[in-house]
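The sequence shown lines up with residues 36 to 602 when you count with the working numbering.
Just so it is clear, CB atoms sit at the ideal spot from N, CA and C, and this is done for glycine as well.
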Amino acid sequence: MYSNRSIKSNTSLGGRTSPNFQISKSDFLTNRSSSPPLSISNSRSSLSRQQDRGKNEYPVKKFSDDDIKFHKVVFERCADLSIRPSITNREKFVQALSYVGYDLSKTTIDQLWSDNHENITFKVFQRILSEEKPIDERTLEEAFETLYNKDRKYDWSAIDFTRFRTDMLAKGDRLTEDEFQKLRFLLGTDDGKIDVKKNMHSLQMKGAFFCEYFDSPADALYFSIGYSFEIKKDTPIWITLEPTISRYHKNLSFKNIDVRILLFEKVPRSTERRLLYMSSERSGNKSYLKLDTLSKGSYEIIPVTFGGVLRARSKEMNERTPIKTLREIKRGNNFIMSKDYHDALEYIFDLFDFDDNKQLDRNEYNLWTIRTTEEEITDEDWSSIRENVGLDIDENVSKDKFLKLNNFEVQDEDTSEQVLWNGLKSLGFNYALELDMMCSFNLTVHINQSDLHLKPTSYVELAEIKKILVKFLENKGQKIKLNVSSVQCFNYKDDCGSILFVENKGISDARLSVQVKDSNNVALNLPIDARQPSLINVLRDTTQIIWFAHKLDSQRKMELDAIVQVQ
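What follows is the structure in structure tokens.
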């Protein structure tokens with residue numbers, strides 16, 4: 036591209052595409068981790084909704100302090116603050132609900148908007164969020180039972196689309212054919228009939244993205260975790276990922292971290308993995324990958340983040356003296372664990388308890404050890420743990436045993452305070468015991484296989500993923516002409532943002548200048564400075580990723596105006 040030409044990305048939400056049908060903003064179920072997104076008037080008619088509220092069958096949800104803080108930020112973003120803090124615009128109300136993961140039916144929103152006299156205060160907003168009925172597969176069954184169970188002329192367990200749509204319209208709710216297709220996918224049905232007895236099976240695992248400070252913030256390393264699984268027959272699959280925030284996270288922007296879900300095929304009798312699919316769609320803060328059919332075989336899921344939101348702390352911040360104490364001296368000059376360190380270790384245990392069974396198996400314990408010491412647990416190490424603290428059910432480590440093992444290290448006179456801090460820093464904690472270089476998440480797989488096993492296997496570095504992505508995106512990006520013919524530029528765009536990569540076919544290295552002139556609704560892994568361009572060296576005969584641009588608000592356009600040229 037010539038120096039006076041700009042890359043302009045104006046990506047709008049519009050309709051999102053999946054293999055067989057269009058996806059619109061209202062297509063997504065929310066506030067649950069057990070089911071993939073779709074819309075069915077929040078999975079019940081307005082009539083059944085009123086009945087639910089009247090009977091008060093469902094407990095009011097309780098939110099954590101971090102949830103309330105996030106809700107407050109969203110509310111203030113959409114509220115009219117000029118008069119009083121309240122939402123007075125219906126579209127802003129819908130937008131606020133979407134930001135916090137609630138995609139309600141038009142009927143429900145109309146009712147809420149009218150009941151509250153077109154004026155939503157934060158107190159009312161919180162009440163609405165707390166009273167909304169959680170959505171799960173059982174709720175879908177209830178929706179069908181409400182419509183058909185009393186009508187003995189019809190078999191309510193097998194309803195065709197025409198009949199279902201007519202009945203939904205008669206009760207004031209609408210379901211499009213595309214939404215019906217999603218409902219079929221969720222319930223695992225064939226031949227245009229819905230069988231509510233045949234539900235998808237869901238399996239959730241926890242995980243985290245780690246940012247590791249190297250020599251400088253610009254040299255930060257990013258690590259994620261791979262999850263292997265095997266399917267026994269061809270089947271549809273839906274994978275979702277949602278970032279999670281703890282009380283140690285002070286940066287709420289991590290809820291909107293840039294994420295791609297990569298699905299690899301594991302090559303038989305080889306350590307090689309082959310990238311098959313990359314997620315390109317989002318619903319609020321959730322990223323998802325939906326496939327109508329995945330063939331029988333062995334696979335690996337690798338979620339990745341690219342540094343648009345999760346960034347390395349500054350050198351000054353990284354070298355600050357800790358303001359928290361990890362161990363204290365009691366009578367007899369014996370060291371004991373401080374409460375701050377004890378609480379942090381409890382959180383760390385829960386973080387690495389990926390399957391949430393309140394135990395760390397050897398694999399989970401090993402991943403914690405690799406992260407904090409860069410060494411794997413040997414058979415001898417595992418035997419030593421068994422002898423010193425004992426192992427629990429299925430040879431696992433309980434939280435009490437985990438704390439006891441760490442207490443041994445605290446009591447060791449040869450262990451310095453700095454050694455303890457090094458372990459915490461490797462997990463993303465800063466000098467104030469805040470998590471600023473780690474973002475946790477929930478990964479959920481929906482599939483028609485009841486005995487699915489999802490196993491966290493190893494850490495994967497972003498540098499390794501970049502090499503694979505370059506080949507994967509080779510023929511998928513829009514070609515952009517640069518001022519040197521031997522260097523070719525490509526820009527790949529989708530609903531999540533854009534990826535810019537450059538191929539250097541020259542006989543020598545090329546120096547690329549990237550200057551961002553203007554940007555809106557975007558997080559970029561490069562510094563956004565209109566006055567000073569970023570300089571990137573592209574080795575000869577290589578293809579290199581230059582930027583990952585993340586669309587922050589999936590409901591708005593992403594604008595990125597940049598000049599890219601070879602110096």
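**Asked** Do the region 399-408 and the region 341-357 touch if we need at least three Cβ pairs shorter than 8 Å?
**Response** As far as the Cβ criterion goes, the region 399-408 does not touch the region 341-357, which means the pair count is below three.
**Asked** Is residue 536 closer than 8 Å to residue 557 when the C-beta atoms are compared?
**Response** Here residue 557 is taken as the residue at index 522 of the sequence shown, counted from 1. Here residue 536 is taken as the residue at index 501 of the sequence shown, counted from 1. Not in contact: residue 557 and residue 536 (Cβ atoms no closer than 8 Å).
**Request:** Give the C-beta separation of residue 307 and residue 263 to the nearest angstrom, bearing in mind that I take them to be a contact with Cβ-Cβ under 8 Å.
**Result:** As a first step, residue 307 is located in the sequence shown; it is residue number 272 there, counting from the start. As a first step, residue 263 is located in the sequence shown; it is residue number 228 there, counting from the start. The pair is not a contact, with the Cβ atoms about 14 Å apart (cut-off 8 Å).
**Asked** From this set, 301, 361 and 287, which residue's C-alpha is nearest residue 446's C-alpha?
**Response** If you number the sequence shown from 1, residue 446 lands on position 411. Here the closest residue by C-alpha is 361.
**Request:** Measure from the alpha carbon of residue 355 to the alpha carbon of each residue in 266, 466 and 429, then state which is nearest.
**Result:** Counting from 1 along the sequence shown, the entry for residue 355 is found at position 320. Nearest of 266, 466 and 429 to residue 355, Cα basis: 466.
**Request:** Confirm the yes/no value for this check: CB of residue 260, any heavy atom of the ligand GDP, distance under 7 Å.
**Result:** The model on display carries no ligand, and the ligand GDP is accordingly not part of it.
**Asked** Taking Cβ positions, are residue 544 and residue 573 nearer each other than 8 Å?
**Response** For this step, residue 544 is matched to residue 509 along the sequence shown. For this step, residue 573 is matched to residue 538 along the sequence shown. Closer than 8 Å, so yes.
**Prompt:** Using the rule of at least 16 other Cβ atoms within 10 Å of the residue's Cβ for burial, across every protein chain shown, is residue 569 buried or exposed?
**Reply:** As a position in the sequence shown, residue 569 is number 534, starting the count at 1. So residue 569 counts as buried.
**Request:** Output yes or no for whether 8 Å exceeds the beta carbon distance between residue 156 and residue 121.
**Result:** For the purposes of this step, residue 156 is identified with residue 121 of the sequence shown, where counting begins at 1. For the purposes of this step, residue 121 is identified with residue 86 of the sequence shown, where counting begins at 1. In contact: residue 156 and residue 121 (Cβ atoms closer than 8 Å).
**Asked** Thinking C-beta only, is residue 478 closer than 8 Å to residue 239?
**Response** Within the sequence shown, numbered from 1, the residue matching residue 239 stands at position 204. Within the sequence shown, numbered from 1, the residue matching residue 478 stands at position 443. Going by C-beta atoms, residue 239 is nearer than 8 Å to residue 478.
**Item:** Minimum length 3: unbroken beta strand (DSSP E) runs contained in the region 341-365
**Value:** If we require 3 residues or more, the beta strand (DSSP E) runs fully inside the region 341-365 come out as 362-365.
**Item:** Close Cβ partners of residue 365 (< 6 Å) along its chain, the five nearest in sequence each way excluded
**Value:** In the sequence shown, residue 365 corresponds to position 330, counting from 1. Excluding residues within five positions, the ones whose Cβ falls inside 6 Å are 371.
**Within 8 Å, strictly: CB atoms of residue 236 and residue 489** = In the sequence shown, counting from the first residue as 1, residue 236 sits at position 201. In the sequence shown, counting from the first residue as 1, residue 489 sits at position 454. Result no, Cβ atoms of residue 236 and residue 489 do not sit closer than 8 Å.
**Message:** Under 8 Å, with one C-beta from each stretch per pair, do the region 468-482 and the region 266-283 reach the 3-pair mark?
**Reply:** Flag = yes, the region 468-482 and the region 266-283 touch.
**Request:** Classify residue 583 as buried or exposed, calling it buried when 16 or more other Cβ atoms lie within 10 Å of its own Cβ.
**Result:** As a working note, residue 583 is residue 548 in the sequence shown. With 16 or more other Cβ atoms within 10 Å, it is buried.
**Per DSSP, cross-strand counterpart(s) of residue 491** = In the sequence shown, counting from the first residue as 1, residue 491 sits at position 456. Residue 491 has 262 as its beta-bridge partners, per DSSP.
**Request:** Taking residue 508 and residue 534 to be in contact with their CB atoms under 8 Å, please state how far apart those CB atoms are, rounded to whole angstroms.
**Result:** Within the sequence shown, residue 508 is the residue found at index 473, counting from 1. Within the sequence shown, residue 534 is the residue found at index 499, counting from 1. Taking a contact as a CB-CB distance under 8 Å, the pair residue 508 and residue 534 counts as one, their CB atoms being some 6 Å apart.
**Asked** Should residue 603 and residue 475 be called a contact, given that it needs their Cβ atoms to be closer than 8 Å?
**Response** What is shown of the chain runs 36 to 602, which leaves residue 603 out entirely.
**Request:** Select from 114, 261, 552 and 290 the residue whose C-alpha is nearest the C-alpha of residue 499.
**Result:** For the purposes of this step, residue 499 is taken as residue 464 along the sequence shown, with counting starting at 1. Among 114, 261, 552 and 290, the Cα nearest to that of residue 499 belongs to 261.
**Request:** Can you check DSSP and say which residues form a bridge with residue 275?
**Result:** Taking the first residue of the sequence shown as position 1, residue 275 is located at position 240. Looking at the DSSP output, residue 275 shares a beta bridge with 323 and 479.
**Prompt:** When the Cα atoms are used, what is the spatial distance from residue 541 to residue 517?
**Reply:** Numbered from 1 along the sequence shown, position 506 holds the residue referred to as residue 541. Numbered from 1 along the sequence shown, position 482 holds the residue referred to as residue 517. Computed Cα separation, rounded: 13 Å.
**4-residue-minimum alpha helix (DSSP H) runs that sit fully inside the region 355-428, ordered along the chain** = Counting whole runs of 4 or more residues, the region 355-428 contains the alpha helix (DSSP H) stretches 374-387, 397-408 and 414-423.
**Item:** Where the beta strand (DSSP E) through residue 529 begins and ends
**Value:** Here residue 529 refers to the residue found at position 494 of the sequence shown. Taken as a continuous stretch (DSSP letters only), the beta strand (DSSP E) holding residue 529 covers 522-529.
**Request:** Measure from the alpha carbon of residue 292 to the alpha carbon of each residue in 299, 317, 313 and 567, then state which is nearest.
**Result:** For the purposes of this step, residue 292 is taken as the residue at position 257 of the sequence shown. Selected option, being the one with the closest Cα: 317.
**Request:** Counting only the same chain and skipping the five closest in sequence on each side, list residues whose C-beta sits under 6 Å from that of residue 521.
**Result:** For the purposes of this step, residue 521 is identified with residue 486 of the sequence shown, where counting begins at 1. Cβ neighbours of residue 521 beyond the five flanking positions: 540 and 541.
**Asked** Which one of 386, 244 and 267 has the shortest CA to CA distance from residue 259?
**Response** As a working note, residue 259 is residue 224 in the sequence shown. Distance check between residue 259 and each of 386, 244 and 267 places 244 closest, using alpha-carbon atoms only.
**Item:** Euclidean distance between Cα positions of residue 311 and residue 460
**Value:** Numbered from 1 along the sequence shown, position 276 holds the residue referred to as residue 311. Numbered from 1 along the sequence shown, position 425 holds the residue referred to as residue 460. About 34 Å.
**Asked** Between residue 601 and residue 301, what straight-line distance do the alpha-carbon atoms span, to the nearest angstrom?
**Response** For this step, residue 601 is matched to residue 566 along the sequence shown. For this step, residue 301 is matched to residue 266 along the sequence shown. A straight line joining the alpha-carbon of residue 601 with that of residue 301 spans about 38 Å.
**Item:** For residue 115: DSSP bridge partner residues
**Value:** Taking the first residue of the sequence shown as 1, we reach residue 115 at position 80. Per DSSP, 121.
**Prompt:** How would you write the range of the beta strand (DSSP E) that residue 434 sits in, first residue to last?
**Reply:** The residue labelled residue 434 in the question sits at position 399 within the sequence shown. No beta strand (DSSP E) contains residue 434, which is instead part of the alpha helix (DSSP H) from 434-446.
**Asked** Three-state secondary structure (DSSP) at residue 641?
**Response** The structure shown does not extend to residue 641, since the chain is modelled only from 36 through 602, so no value can be given for it.
**Prompt:** Which residues share a DSSP beta bridge with residue 578?
**Reply:** The sequence position of residue 578 within the sequence shown is 543, counting from 1. Under DSSP, residue 578 shares a beta bridge with 538.
**Request:** For residue 549, count neighbouring Cβ atoms within 10 angstroms of its own Cβ and tell me buried if that reaches 16, exposed if not.
**Result:** Counted from its first residue, the sequence shown places residue 549 at position 514. The residue in question, residue 549, is buried, as its Cβ has 16 or more Cβ neighbours within 10 Å.
**Asked** Do residue 276 and residue 104 have their CB atoms nearer than 8 Å?
**Response** As a first step, residue 276 must be located in the sequence shown, where it is residue number 241. As a first step, residue 104 must be located in the sequence shown, where it is residue number 69. With a cutoff of 8 Å on beta-carbon distance, residue 276 and residue 104 are scored as not near each other.
**Item:** Contacting residues, own chain, Cβ-Cβ under 8 Å from residue 107 (five flanking each side not counted)
**Value:** By 1-based counting over the sequence shown, the position of residue 107 is 72. Cβ contact annotation for residue 107 (same chain, cutoff 8 Å, sequence separation greater than five): 157, in chain order.
**Asked** Who does residue 337 pair with in a DSSP beta bridge?
**Response** Taking the first residue of the sequence shown as position 1, residue 337 is located at position 302. In the DSSP output, where bridge partners are listed per residue, residue 337 has 297.
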